[in-house]
Amino acid sequence: MTNIKLTIPSMSDYVGVARLTASGIANRMKFTHEDIEDIKIAVSEACTNAVQYAYGDSPGEIELAFSMFEDKLEIKISDSGKGFDVEADVKTKEDDPEKIGLGLGIVFMRSLMDHVDYDTSANGTTVTLVKKVSS
Amino acid sequence: MLYFGKITVRLKNRGERGGNMVLDLNVSIRENNNIPVIDLEGEIDVYTYPKLSDALQYVFETYPNAKDLIVNLDKIRYIDSTGLGVIANGANQIKKINEGYINIINATPQIKKIFDVSGLISANFKIFDSEEDAVTNLSK
Numbered sequence: 001m002t003n004i005k006l007t008i009p010s011m012s013d014y015v016g017v018a019r020l021t022a023s024g025i026a027n028r029m030k031f032t033h034e035d036i037e038d039i040k041i042a043v044s045e046a047c048t049n050a051v052q053y054a055y056g057d058s059p060g061e062i063e064l065a066f067s068m069f070e071d072k073l074e075i076k077i078s079d080s081g082k083g084f085d086v087e088a089d090v091k092t093k094e095d096d097p098e099k100i101g102l103g104l105g106i107v108f109m110r111s112l113m114d115h116v117d118y119d120t121s122a123n124g125t126t127v128t129l130v131k132k133v134s135s
Numbered sequence: 001m002l003y004f005g006k007i008t009v010r011l012k013n014r015g016e017r018g019g020n021m022v023l024d025l026n027v028s029i030r031e032n033n034n035i036p037v038i039d040l041e042g043e044i045d046v047y048t049y050p051k052l053s054d055a056l057q058y059v060f061e062t063y064p065n066a067k068d069l070i071v072n073l074d075k076i077r078y079i080d081s082t083g084l085g086v087i088a089n090g091a092n093q094i095k096k097i098n099e100g101y102i103n104i105i106n107a108t109p110q111i112k113k114i115f116d117v118s119g120l121i122s123a124n125f126k127i128f129d130s131e132e133d134a135v136t137n138l139s140k
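Residue numbers (the numbering used here), protein chains in the order written: chain A, 1 to 135; chain B, 1 to 140.
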């Protein structure tokens, strides 16, 4: 297993950097073009949630830990912010057309990855994304 | 073609293979057969989506009676939930004002896939393969 770590400021400017890093790693692992696009979206959505919810008006850091296994890529995206209720968040955003994009982010992660897990508390949130290499 | 001046700022960085990699969104606005068309180039994410939002508001103000608006994704390489959210909000707006639609053209298979996953297509948008196809159908 190979590990790669990246830390970005929780600012919208840097979400693209996380996305490109994920793309480069997935490319190195020989994921298909379609899978790479799925991974880019899922990573971007997790970072976007951290940018928008985790720290309020004072930006903090988002840590990305990529673990490259032979048969899968596991990505942990962590912040040290205030945490959020995933299910309530999806529901609220789906009911509010002004914020429809935000609830969709969670829908996309769940639809595009093989496994998604949230560990959220008052001390921060870690989203774990797993994509299996197609055999 | 009208270039939407305040949102054409372009940032270029070095790409993975040494080429230019644009991590930004360029927007321009024009008409085709009296239908406003928004041409987009680049990536739509949490950083760039305000430019798309501004462009949609500009079109709604400039064409207050428009029943249709075309959004050209031909040069869009990436869009996520923030971009879809802005387009969905725009679609709600044009529907409310004029019973109109946002018409998406030239979406890649990957972008069509995420429209599909979002479940928003039937409710909010029409999708056409090409601009010609859209203009022909919308002008009927």
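Ideal Cβ placement from N, Cα and C applies to all residues, glycine included.
message = By the DSSP assignment, the beta strand (DSSP E) with residue 26 (chain B) in it spans what residues?
response = 25-32
ask   = Relative to the alpha-carbon of residue 44 (chain B), which residue among B:132, B:129, B:76, B:64 has its alpha-carbon at the smallest distance?
value = B:76
Run of the alpha helix (DSSP H) containing residue 44 (chain A), from where it starts to where it stops = 33-49
message = Cutting at 6 Å between CB atoms, please list the residues of its own chain near residue 41 (chain B), excluding the five before and the five after it.
response = 26, 75
query = Beta-carbon separation of residue 42 (chain A) and residue 73 (chain A) under 8 Å?
reply = no
inquiry  = If the criterion is Cβ atoms closer than 8 Å, does the pair residue 2 (chain A) and residue 134 (chain A) meet it?
reply    = no
inquiry  = Our contact map puts residue 84 (chain A) next to residue 53 (chain A) with C-beta atoms below 8 Å; I'd like the distance itself, whole angstroms only.
reply    = 5 Å
query = How do the segment 98-105 of chain B and the segment 125-140 of chain B stand: do at least 3 beta-carbon pairs fall below 8 Å, yes or no?
reply = yes
request  = Kindly say whether residue 90 (chain B), judged by its beta-carbon, lies nearer than 8 Å to any beta-carbon of chain A.
outcome  = no
request  = State yes or no: is the C-beta of residue 111 (chain B) within less than 8 Å of the C-beta of residue 73 (chain B)?
outcome  = yes
task = Show which residues of chain A have a CB atom less than 8 Å away from the CB atom of residue 117 (chain B).
result = 107, 108, 111, 112
ask   = Which two residues bound the contiguous beta strand (DSSP E) that contains residue 106 (chain B)?
value = Where residue 106 (chain B) is concerned, there is no enclosing beta strand (DSSP E), given that its DSSP letter is neither H nor E.
query = By the criterion of Cβ-Cβ separation under 7 Å, what are the contact partners of residue 16 (chain A) in chain B?
reply = 23, 43, 45, 47
message = Counting only Cβ pairs nearer than 9 Å, list the residues of chain A close to residue 81 (chain B).
response = 41, 44, 45, 48, 100, 101, 102, 103, 104, 105, 106, 107, 108
request  = Could you check the C-alpha separation between residue 130 (chain B) and residue 105 (chain B) for me, to the nearest Å?
outcome  = 5 Å
ask   = Exposed or buried, residue 119 (chain B), counting other C-beta atoms within 10 Å across all chains shown (16 or more means buried)?
value = exposed
query = What's the gap between the Cα of residue 21 (chain B) and the Cα of residue 132 (chain A)?
reply = Residue confidence for residue 21 (chain B) is low, a pLDDT of 47 falling below 50, so the modelled location carries little weight; the figure read from the coordinates is stated next. Roughly 28 Å separates the two Cα atoms.
query = Any C-beta of chain A sitting closer than 8 Å to the C-beta of residue 57 (chain B)?
reply = no
message = One question on the structure: do residue 50 (chain A) and residue 10 (chain A) come within less than 8 Å of each other, judged by their Cβ atoms?
response = yes
message = For residue 57 (chain A), would you say it is in contact with chain B, using Cβ-to-Cβ distances shorter than 8 Å as the test?
response = no
query = When the Cα atoms are used, what is the spatial distance from residue 139 (chain A) to residue 129 (chain A)?
reply = For residue 139 (chain A) there is no data in the structure shown, the boundaries of chain A being 1 and 135.
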